[in-house]
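K.L.:
Number of protein chains: 2
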Amino acid sequence: MNIRFYHAKILILKKEKEFSILEGELWIKGNKIVYIGDGSDTKRIYEDMDIPYIRWDREIDAKGNVLMPGFKNAHTHTAMTFLRSYADDLPLQEWLQKKVFPMEAKLTHEDIYELCRLGILEYLTSGITTGFDMYIDPVAIAKASKDCGFRMMQTSGLNDFTQSLEAVEEQFYQINEMSDLTGFVLGFHAEYTTGKKLLEGVANLAQKLKSPVWLHNAETKKEVEECKNRYGKTPTELTDALGMYAYGGGGYHCIYFEDKDFEIYKNKGLTAVTCPASNLKLASGIAFVHHFLQDGISMAIGTDGAASNNCLDMFREMFLVSGLAKVQGKDASLVSAEEVLYMATTGGARAMGLDACDSLAEGKLADLIMVDLQQPNMQPENNFVKNIVYSGSKQNVLLTMIDGKILYEKQKFDIGIDPKEVYEKANAIIRRMTK
Amino acid sequence: MNIRFYHAKILILKKEKEFSILEGELWIKGNKIVYIGDGSDTKRIYEDMDIPYIRWDREIDAKGNVLMPGFKNAHTHTAMTFLRSYADDLPLQEWLQKKVFPMEAKLTHEDIYELCRLGILEYLTSGITTGFDMYIDPVAIAKASKDCGFRMMQTSGLNDFTQSLEAVEEQFYQINEMSDLTGFVLGFHAEYTTGKKLLEGVANLAQKLKSPVWLHNAETKKEVEECKNRYGKTPTELTDALGMYAYGGGGYHCIYFEDKDFEIYKNKGLTAVTCPASNLKLASGIAFVHHFLQDGISMAIGTDGAASNNCLDMFREMFLVSGLAKVQGKDASLVSAEEVLYMATTGGARAMGLDACDSLAEGKLADLIMVDLQQPNMQPENNFVKNIVYSGSKQNVLLTMIDGKILYEKQKFDIGIDPKEVYEKANAIIRRMTK
């Protein structure tokens, strides 16, 4: 599709963590942004592309609303939608052992495909254009994402109890070759579920496949203490010592980090993905976001799965990242809206190796959203970025576009299936499991 | 208006902090709920009212969606919408002294009226049907609320620098008599802005008017320490010793509470209003919500003003109340969704003395909202209350009704003015002030 947006306020990444607004037009040809400007210099575009004109499939009057990069959900378990509000307000271990694990054991390949579609619908309402998923059946997730038109990077949830190195290597090839929308890098669930032999296997495979490595890292204090008891090292030290980070990667949650962990992340160029809502709801703790940023460590934001959060909403996460840092550091000036928006867009894309959709610029992939300013929570227009980060909500998402295709517009979805059918299937799955 | 909802899931307060869902109909005659039931026992309604039929102005198919009491925003400064995203990410004192106070000094009566309308539009999108406001010009707030059809309770922001006891007494009469939608109880800004003489005056006036008394209480550590230095008492002890609570009342924020403060709140039946988003963003701290609840102290939830929050959204506040309590107490079972929903609805109404709209029941005022379950964030339907509290968003608010009138439906407002005009006026006000 060739789509021209006009009368738009376009959020441009001026330089690292600094945004500016350009009033004008944004053109999409196929799946790429080919022009951003005030409309006075469009001739060069035709000359560059050596074409006389673009035949527009749609010309959209943005009516002064904001076009910005879609949010990148840098840690999630999309298919866990089936456990949303199924077992809340329980102590962590009881929740995990008695409620989550037994239900996950009942999941089929088809279930995961269906439940992933439900999660994708929710992402679209929140302006999320890419997920970074870790779950039981990555091929089902990749298929569902491709079929919906959703861009999904994945990492492996490998551990001693599920899958094998061989299966993971096969998934690596299969998912990276499946579609331009799907990708896969190495990972494992967490140190506490993965023995040393398997960890060494992951490190070797990362070398072979030249892949980054990801894991749940320092989500709870207990996890770090047990790792130190086992190895005399934190999970970060251990995985680094095993040579896992030759091609980068990072960790999810990263709450109980020690000085040497920050040091390793800094020196190896790793990324810390913070999941504030999940960390509150499971009483895990509050990550030292300000410390990471001060050290110049790359950061991104994730919703985690719907079983712990319970919604997949980047607006809520963004407010939390800043608000929690401020209260934790007892300083209202810590972690600005601009830093948070950068993490939620550019930071997330780069964490996944998707620099091609890390911002709105000519030549980048057309993964973008339109934010409605004609809503009371966006008025007055004192500061667009602060309005979006501190006051924005899913209600402000007018349109979500991935790879040049509009998948969500004015609360209507276009993912090849009626949402009602997706809801019915999700309800049928949980009914079957609990009967 | 006489309105009949059918095919509804109606959220009923079964007993304290326990909700149940009744599938059926809810009838409104004028401004009151006259029937809730499955539709099989409606004959008694006509007999009770001694009428042969009700002529319906509208019959609304709820399509299986949830009808529930509107949210009660128990602490706010509605007109502060003009400072939304105007001065964020600054240290608290700089924000207050250099940004907020100088701008507030420029506000006119008309400004406050207009800015209050902007806040009310936002409340409606979030399903908030009542506010408990404290601001500079309560009469302007009351007028705007009445004109919009919004139910607004207020308390005085009296302090040594603005207003007088005489003015407050006059406001008490004027606002309580203005409309069924407007009410006013005594209050003062905070101990640190109000000298002892004036505090004694408030206590005397409370006796004379038989009014509860409200104040910002223990929002910061500094505030409590300074009060103890001045009086050898916490703000709670001081105000209690002055005899302020003969007719009840309570405090906003209530973060730095000491054992004796909890004791006083418990013994005097006072209410603690927590404002978690504002408390994070201004780095004030985290209230001990679990401690209040454990002591059986009444609680309610407020957004605070848009200058500190920056949005007026009860969904965000609800998630935070539970999430922050869990992480603070290192226990994921603390402060359940049911407790939070009770605080956000019944608790808030009772804090304001508005028992007539504290729940959905026959005879109660028709202040209610319809929540859209046909959205991905509400699926599957494992638990309605947990879905609403942990996963709900403004996008799920299909309809907001106050006093029997639908003021917001499918993203359209009916408050007697085009929202665009409200936005333009708010922008003009801030432009005039900053020019």
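Protein chains in written order, with numbering that gives the first Met the number 0: chain A, 0 to 434; chain B, 0 to 434.
In this text, a Cβ means the ideal position worked out from N, Cα and C, and glycines have one as well.
This structure is a prediction, so every number in the text was calculated from the model and none was measured.
1. By Cβ distance below 8 Å, which residues in the same chain neighbour lysine 8(A) in space, the five residues on each side in sequence not counted?
2. Looking at the structure shown, is methionine 432(A) part of a helix, part of a strand, or coil, going by DSSP?
3. Chain B partners of glycine 301(A), CB-CB under 9 Å?
4. Helix or strand or just coil, what does DSSP make of arginine 116(A)?
5. Suppose the cutoff is 7 Å on Cβ atoms and the five residues either side in sequence are ignored; what does the same chain contact list for serine 390(A) look like?
6. With DSSP collapsed to three states, give me the class of lysine 13(A).
7. Which residues, taken in chain order from the region 14 to 30 of chain A, show a beta carbon closer than 9 Å to some beta carbon of chain B?
8. Go ahead and label histidine 108(B) buried or exposed: buried means 16 or more other beta carbons lie within 10 angstroms of its beta carbon, across all protein chains shown.
9. Does cysteine 436(B) have its Cβ less than 7 Å from a Cβ in chain A?
10. Would cysteine 147(A) pass as an interface residue toward chain B - the criterion being a Cβ-Cβ separation below 7 Å?
11. Identify the contact partners of leucine 281(A) in chain B, using a Cβ-Cβ distance below 7 Å as the criterion.
12. What does glutamate 121(B) reach in chain A if we use C-beta pairs closer than 7 Å?
13. Taking the alpha-carbon positions, what's the glutamate 190(B) to glutamate 222(B) distance?
14. Anything in the region 302 to 317 of chain B with a Cβ closer than 7 Å to a Cβ of chain A? List those residues in chain order, please.
15. Going along the chain, which residues of its own chain have a beta-carbon closer than 6 Å to the beta-carbon of isoleucine 428(B), five neighbours each way excluded?
16. Going by beta-carbon coordinates alone, are phenylalanine 131(A) and methionine 152(A) separated by less than 7 Å?
17. Rounded to the nearest angstrom, what separates alanine 286(A) and methionine 317(A) at their Cα positions?
18. So which of Gly352(B), Gly304(B) and Asn395(B) has the shortest CA-CA distance to leucine 117(B)?
19. Between Val396(B), Asn309(B), Gly328(B) and Gly295(B), which has its C-alpha nearest glycine 346(B)'s C-alpha?
20. Cα separation between valine 326(B) and leucine 319(B)?
21. Kindly say whether proline 90(A), judged by its beta-carbon, lies nearer than 7 Å to any beta-carbon of chain B.
22. From glycine 242(A) to isoleucine 401(A), what distance separates their C-alpha atoms?
23. Hey, could you find the ends of the alpha helix (DSSP H) aspartate 239(B) is sitting in?
24. Using a Cβ cut-off of 8 Å, pull out every chain B residue sitting near threonine 124(A), in sequence order please.
25. Quick check: the region 364 to 371 of chain A against the region 133 to 142 of chain A, are there 3 or more CB pairs under 8 Å?
26. I'd like to know whether the C-beta atoms of glycine 126(B) and valine 388(B) end up nearer to each other than 7 Å.
27. In terms of residues, what are the limits of the alpha helix (DSSP H) holding arginine 43(B)?
28. Go ahead and label glutamate 24(B) buried or exposed: buried means 16 or more other beta carbons lie within 10 angstroms of its beta carbon, across all protein chains shown.
29. Going along the chain, which unbroken runs of the beta strand (DSSP E) with 3 or more residues stay wholly within the region 83 to 152 of chain A?
30. Looking at the C-beta of asparagine 381(B), does it have a partner C-beta in chain A at a distance below 7 Å?
31. CA-CA distance, proline 68(B) and arginine 150(B)?
32. If lysine 393(A) and serine 332(B) are in contact, beta carbons under 8 Å, what's the gap, nearest whole angstrom?
33. Look at the alpha carbon of arginine 54(A) and the alpha carbon of aspartate 417(B), and state the distance between them as a whole number of angstroms.
34. Which partner residues of leucine 364(A) appear in the DSSP bridge assignment?
35. Tell me which same chain residues have a C-beta within less than 7 Å of the C-beta of glycine 194(B), skipping the five on either side of it?
36. Whose Cβ in chain B lies nearer than 9 Å to the Cβ of proline 418(A)?
P.N.:
Let me spell this out:
1. The residue labelled residue 8(A) in the question sits at position 9 within the first sequence. Cβ within range, chain order: Ile20, Leu21, Glu22, Ala61, Gly63, Asn64, Val65, Leu66, Leu372 and Phe383.
2. Position 433 of the first sequence, counted from the first residue, corresponds to residue 432(A). Three-state DSSP puts methionine 432(A) in a helix.
3. Within the first sequence, residue 301(A) is the residue found at index 302, counting from 1. Those do not exist, as glycine 301(A) stays about 16 Å from chain B at its closest Cβ, beyond 9 Å.
4. The residue labelled residue 116(A) in the question sits at position 117 within the first sequence. Correct three-state label for arginine 116(A): helix.
5. As a working note, residue 390(A) is residue 391 in the first sequence. Answer for serine 390(A): Asn376 and Met377, listed in chain order.
6. Sequence index remark: in the first sequence, residue 13(A) carries index 14 (1-based). Looking at lysine 13(A) - three-state DSSP - the assignment turns out to be strand.
7. none
8. Taking the first residue of the second sequence as 1, we reach residue 108(B) at position 109. The residue is exposed, with fewer than 16 neighbouring Cβ atoms inside 10 Å.
9. Only positions 0 to 434 of chain B appear in the structure, and residue 436(B) is not among them; the question remains open.
10. Taking the first sequence and counting its residues from 1, the one referred to as residue 147(A) is at position 148. No, no contact with chain B.
11. What you label residue 281(A) is simply residue 282 of the first sequence in a count that begins at 1. Correct list: Ala331.
12. If you number the second sequence from 1, residue 121(B) lands on position 122. Within chain A, the residues near glutamate 121(B) are Pro375 and Asn376.
13. Along the second sequence, read from residue 1 onward, the residue named residue 190(B) stands at position 191. Along the second sequence, read from residue 1 onward, the residue named residue 222(B) stands at position 223. If you take the alpha carbons of glutamate 190(B) and glutamate 222(B), they lie about 8 Å apart.
14. Asn309, Cys310, Asp312 and Arg315
15. Your numbering for residue 428(B) matches position 429 in the second sequence. Only Phe81 and Asp110 meet the Cβ criterion.
16. As a position in the first sequence, residue 131(A) is number 132, starting the count at 1. As a position in the first sequence, residue 152(A) is number 153, starting the count at 1. Yes, they are a contact pair.
17. The count along the first sequence starts at 1 and reaches residue 286(A) at position 287. The count along the first sequence starts at 1 and reaches residue 317(A) at position 318. The straight-line gap from Cα to Cα measures roughly 14 Å.
18. As a position in the second sequence, residue 117(B) is number 118, starting the count at 1. Of the candidates Gly352(B), Gly304(B) and Asn395(B), the one whose C-alpha sits nearest the C-alpha of leucine 117(B) is Gly304(B).
19. If you number the second sequence from 1, residue 346(B) lands on position 347. With distances taken between Cα atoms, glycine 346(B) lies closest to Gly295(B).
20. To locate residue 326(B), count along the second sequence from 1; it is residue 327. To locate residue 319(B), count along the second sequence from 1; it is residue 320. Distance between the alpha carbons of valine 326(B) and leucine 319(B): 10 Å.
21. Stepping through the first sequence from its first residue, residue 90(A) is reached at position 91. It does: the Cβ of proline 90(A) has a partner Cβ on chain B nearer than 7 Å.
22. The residue given as residue 242(A) occupies position 243 in the first sequence. The residue given as residue 401(A) occupies position 402 in the first sequence. Roughly 35 Å between the two C-alpha positions.
23. Translated into the one-based positions of the second sequence, residue 239(B) becomes position 240. Counting along the chain, the alpha helix (DSSP H) containing aspartate 239(B) begins and ends at 234 to 240.
24. Stepping through the first sequence from its first residue, residue 124(A) is reached at position 125. Going along chain B in sequence order, the residues near threonine 124(A) (Cβ under 8 Å) are Gln374, Pro375, Asn376 and Gln394.
25. no
26. Mapped onto the second sequence, residue 126(B) falls at position 127. Mapped onto the second sequence, residue 388(B) falls at position 389. Cβ distance not < 7 Å, so glycine 126(B) and valine 388(B) don't count as in contact.
27. Here residue 43(B) refers to the residue found at position 44 when the second sequence is read from its first residue. Counting along the chain, the alpha helix (DSSP H) containing arginine 43(B) begins and ends at 42 to 48.
28. As a first step, residue 24(B) is located in the second sequence; it is residue number 25 there, counting from the start. Burial call: buried.
29. 127 to 134
30. Residue numbering aside, residue 381(B) sits at position 382 when the second sequence is read from its first letter. Yes, asparagine 381(B) lies at the interface with chain A (some Cβ there is under 7 Å from its Cβ).
31. Position 69 of the second sequence holds residue 68(B). Position 151 of the second sequence holds residue 150(B). Between proline 68(B) and arginine 150(B), the C-alpha separation is close to 13 Å.
32. Your numbering for residue 393(A) matches position 394 in the first sequence. Your numbering for residue 332(B) matches position 333 in the second sequence. Going by Cβ atoms, the distance from lysine 393(A) to serine 332(B) rounds to 28 Å, so no, they are not a contact pair.
33. Here residue 54(A) refers to the residue found at position 55 when the first sequence is read from its first residue. Here residue 417(B) refers to the residue found at position 418 when the second sequence is read from its first residue. Near 37 Å, if we compare the C-alpha coordinates of aspartate 417(B) and arginine 54(A).
34. For this step, residue 364(A) is matched to residue 365 along the first sequence. Leucine 364(A) pairs with Lys31(A).
35. Here residue 194(B) refers to the residue found at position 195 when the second sequence is read from its first residue. Excluding residues within five positions, the ones whose Cβ falls inside 7 Å are Asp159.
36. Counting from one through the first sequence, the residue named residue 418(A) turns up at place 419. Here the neighbours are Gln373, Gln374, Pro375 and Gln378.
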